[in-house]
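Peer 1: All residue numbers for the sequence shown refer to our numbering, where the first residue is 1 and numbers rise by one.
Sharing a structure with you now.
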Amino acid sequence: MIKKFLLAAVCAVVVSFTADAQGKYGPDSAECVKYLSYYREYLKMNSMDEATPRWRKAYELCPPSASQNMLLDGQKIIRNLIIKNSSNAIYRDALIDTLMTLHDVRISNYPKYAVTATNNKSVDMINFIKDDNKLYNGLLANIDVTKENTNSVVFIRLMNSACNLYSQGLLMGDDVMEVFGKITGYINGMMENLRSQNKSTEALEGVLKDVENLFITSNVANCDRLIELFSPRFEQTPDDISLVSNIIMMMSSAENCTDNDLFFRAAQSLDKLEPTHISAHFLFQIYSSNNEIDLALKYLQEAIDRPDSDTLQDALYYYEMSSICSNNGIDAKAVHAAKKAVELDPSLAGKAYLVIANVWAGLDCQGNEIDHRAPLWVAVDYLMKAKRADASLTDTVNPLIAQYSKYFPDQAEAFMFNVLDGDSYTVSCGGLTETTTVRTQK
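So this is what it looks like as structure tokens:
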């Protein structure tokens, strides 16, 4: 009954075509139209097994111009066959080649849909092609067609394939760098287009992060390559926030790649374009590594003052400030910063008190013998506070307490200056003032 119905439907379709339409359907237009109608009716009934041989006949008889749907339906049919024959490697590979050919035929004959068809081809490659080399070459060729209209999943899989080939020694590092640059260039262009339309770039930012993570974990990026890749792009668009952020992130991740002009200029640009506590801290790190302490401290204070930095982050910055000041003889500022760190985050007390103790222990105070040795009383006070605040510092602190205690004044010597054990004593030196307790050696 079904076959009689189909026959009647097909006859009606064939009769309706005039001679004027025969060029579109090839030299045997009646047969072409007949088999087009045959397989479509079976597809409508979701009878894939019946539709398949009739589609094959239609594809054999009809030119591509006969119907774009013939190519799209064929892709659906071939995908079904690939899945059904997954255990037959030879037949499966032949079917995949056929599927790719159908995409190519559609791209060639329907240029208006070339980008969509190429994206579809890429997705089928991702789903069915397991060989990294074949997938890499196919996707790389495809994004040259789709460019900034590429399906975002294609970027991730292309980067993954490139990294896999590099790890197997089948792709050079420069090739991976070039692919990474091409992908990120397209993604940044796509995001810029969305921003111009006031649309969200969140999804693409996630894609970019995934691509960058793949690139970083591949260990292909050395500093020279990054400078070569990013320098011309930065020279061209130094105010491109996406590019600048990418340069900072990539060069920070590479080994020994923050001590160069490109990183420095990118960090300056980032701080100008999008001033945050992070961008200010980048500049602090750069100036600090160059031993430009005044500028380093200026940007560290800016990091603290930026409104996007919270209390706990400010505490860490103050502790960092105390350490760099202590190491560079800026004693009063070191102590002030350490105390500020404790005020904002008491969990830092142990480490901060250790910094203060080291400052006091290193002071060279003028005056009599008591004045000269009194800072060690303060140093030991803070060492005791340090290990009480953080027991993990005990092994570090105890040897220092023992060492400094050896230099306490003799009891008789202290008596000569009217200073007795247990007395309260105020020490003023190097712009610092603390009240402590007199301790002597018996």
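All C-beta atoms, glycine included, are put in the ideal place defined by N, C-alpha and C.
On a predicted model such as this, the values are computed, not experimentally measured, just so you know.
Under a three-way DSSP split, which group does T435 fall into?
Peer 2: Three-state DSSP puts T435 in a strand.
Peer 1: For S279, which beta-bridge partners are listed by DSSP?
Peer 2: Partner(s): none; S279 has no beta bridge.
Peer 1: Less than 9 Å separating the beta-carbons of Y404 and A374?
Peer 2: No, these two residues do not count as a Cβ contact at 9 Å.
Peer 1: Can you tell me whether DSSP reads F17 as helix, strand or coil?
Peer 2: Interpretation of F17 is limited by its pLDDT of 44, a score under 50 that renders its predicted location unreliable; no figure is taken from the coordinates.
Peer 1: Note down the Cα distance separating L420 from Y353, rounded to an integer number of angstroms.
Peer 2: Approximately 26 Å, taken between the alpha carbons.
Peer 1: Taking contact to mean 3 or more Cβ pairs, one atom from each stretch, closer than 8 Å, check whether the stretch 359 to 369 and the stretch 326 to 339 are in contact.
Peer 2: At 8 Å Cβ cutoff, the stretches touch.
Peer 1: Assuming S452 contacts Y166 under a Cβ cut-off of 8 Å, what Cβ separation, rounded to an integer in Å, is found between them?
Peer 2: In the structure as shown, the chain begins at 1 and stops at 442. Residue 452 is therefore absent and cannot be evaluated.
Peer 1: Between the beta-carbon of L99 and the beta-carbon of D124, is there less than 9 Å?
Peer 2: A contact, by the Cβ cut-off of 9 Å.
Peer 1: On the CB-based measure, 16 or more other CB atoms within 10 Å of its CB, does K442 come out buried or exposed?
Peer 2: Exposed, by the Cβ-count rule.
Peer 1: So, under 8 Å CB-CB, I143 and L135 are touching, yes? Tell me the CB distance rounded to an integer number of Å.
Peer 2: Going by Cβ atoms, the distance from I143 to L135 rounds to 12 Å, so no, they are not a contact pair.
Peer 1: Quick one, which of N137, D310, T146 and E255 has its alpha-carbon nearest N160's?
Peer 2: The option with the nearest alpha carbon to N160 is N137.
Peer 1: Quick one: what's got a C-beta closer than 6 Å to T52's C-beta in the same chain, skipping five residues either side?
Peer 2: So the qualifying residues of the chain are I77.
Peer 1: Looking at the structure shown, is S269 part of a helix, part of a strand, or coil, going by DSSP?
Peer 2: Looking at S269 - three-state DSSP - the assignment turns out to be helix.
Peer 1: With three or more C-beta pairs closer than 8 Å as the rule, is the stretch 62 to 80 touching the stretch 93 to 111?
Peer 2: A contact exists between the stretch 93 to 111 and the stretch 62 to 80.
Peer 1: Go ahead and pull the three-state DSSP assignment for T426.
Peer 2: Note: T426 maps to strand in three-state DSSP.
Peer 1: Contact defined as beta carbons within less than 8 Å: I believe I183 pairs with F155. What is the distance between those atoms, to the nearest angstrom?
Peer 2: 5 Å between Cβ atoms; contact.
Peer 1: Determine the contact status of R195 and F234, defining contact as a CB-CB distance below 9 Å.
Peer 2: The answer is no: Cβ separation not under 9 Å.
Peer 1: Do you know how far the Cα of Y59 is from the Cα of L71?
Peer 2: Taking the straight line joining both Cα atoms gives about 8 Å.
Peer 1: When you compare only the Cα positions, how much space is there between V262 and L140?
Peer 2: The sequence as given places Leu at residue 262; Val does not occur at that position. Their Cα atoms are separated by approximately 29 Å.
Peer 1: By the three-class DSSP mapping on this structure, what secondary structure does Q441 have?
Peer 2: Three-state result, Q441: strand.
Peer 1: Looking at the secondary structure, which residues open and close the alpha helix (DSSP H) in which R56 lies?
Peer 2: Note, R56: alpha helix (DSSP H), M48 to L61.
Peer 1: Do the stretch 271 to 278 and the stretch 303 to 316 touch if we need at least three Cβ pairs shorter than 8 Å?
Peer 2: Taking 8 Å as the limit for Cβ pairs, the verdict is that the stretch 303 to 316 does touch the stretch 271 to 278.
Peer 1: Mark F282 as exposed unless 16 or more other C-beta atoms lie within 10 angstroms of its C-beta, in which case mark it buried.
Peer 2: Under this definition F282 is a buried residue.
Peer 1: May I ask which residues mark the beginning and end of the alpha helix (DSSP H) holding Y318?
Peer 2: Start and end: T311 to N327.
Peer 1: So what does D261 bridge to, in DSSP terms?
Peer 2: The partner list for D261 (beta bridge, DSSP) is empty, contrary to what the question assumes.
Peer 1: In the structure shown, what three-state DSSP assignment does D410 receive?
Peer 2: DSSP places D410 in strand when its eight states are reduced to three.
Peer 1: Hey, how far is the Cα of F5 from the Cα of V179?
Peer 2: For F5, the predicted model reports a pLDDT of 41, less than 50, meaning its position is unreliable; a value from the coordinates is still stated below. Each residue's Cα considered, the two are about 55 Å apart.
Peer 1: Let's see if you can read the secondary structure: which residues bound the alpha helix (DSSP H) around T150?
Peer 2: Note, T150: premise wrong, no alpha helix (DSSP H); not H, not E.
Peer 1: Assign C223 to one of three DSSP states: helix, strand, or coil.
Peer 2: If DSSP states are grouped into helix, strand and coil, C223 belongs with the helices.
Peer 1: Near N151, which residues of its chain fall below 6 Å by C-beta distance, leaving aside the five closest residues on each side in sequence?
Peer 2: Cβ within range, chain order: N119.
Peer 1: Excluding the five sequence neighbours on either side, which residues of its own chain have a C-beta within less than 6 Å of the C-beta of T426, listed in chain order?
Peer 2: Contacts found: T435.
Peer 1: Would you kindly report the start and end of the unbroken alpha helix (DSSP H) that includes E274?
Peer 2: Here E274 belongs to no alpha helix (DSSP H), and DSSP marks it neither H nor E.
Peer 1: Is it right to say S269 is buried, meaning 16 or more other beta carbons lie within 10 angstroms of its own, or is it exposed?
Peer 2: S269 should be labelled buried.
Peer 1: Return the chain-ordered list of same chain residues with a C-beta closer than 6 Å to the C-beta of V115, the five sequence neighbours on each side being excluded.
Peer 2: Closer than 6 Å at Cβ, skipping near neighbours: T146 and N149.
Peer 1: Between Y318, E302, A303 and I324, which lies nearest to K290 when the distance is taken from Cα to Cα?
Peer 2: In the sequence on display, residue 290 carries Asn and not Lys. Nearest of Y318, E302, A303 and I324 to N290, Cα basis: I324.
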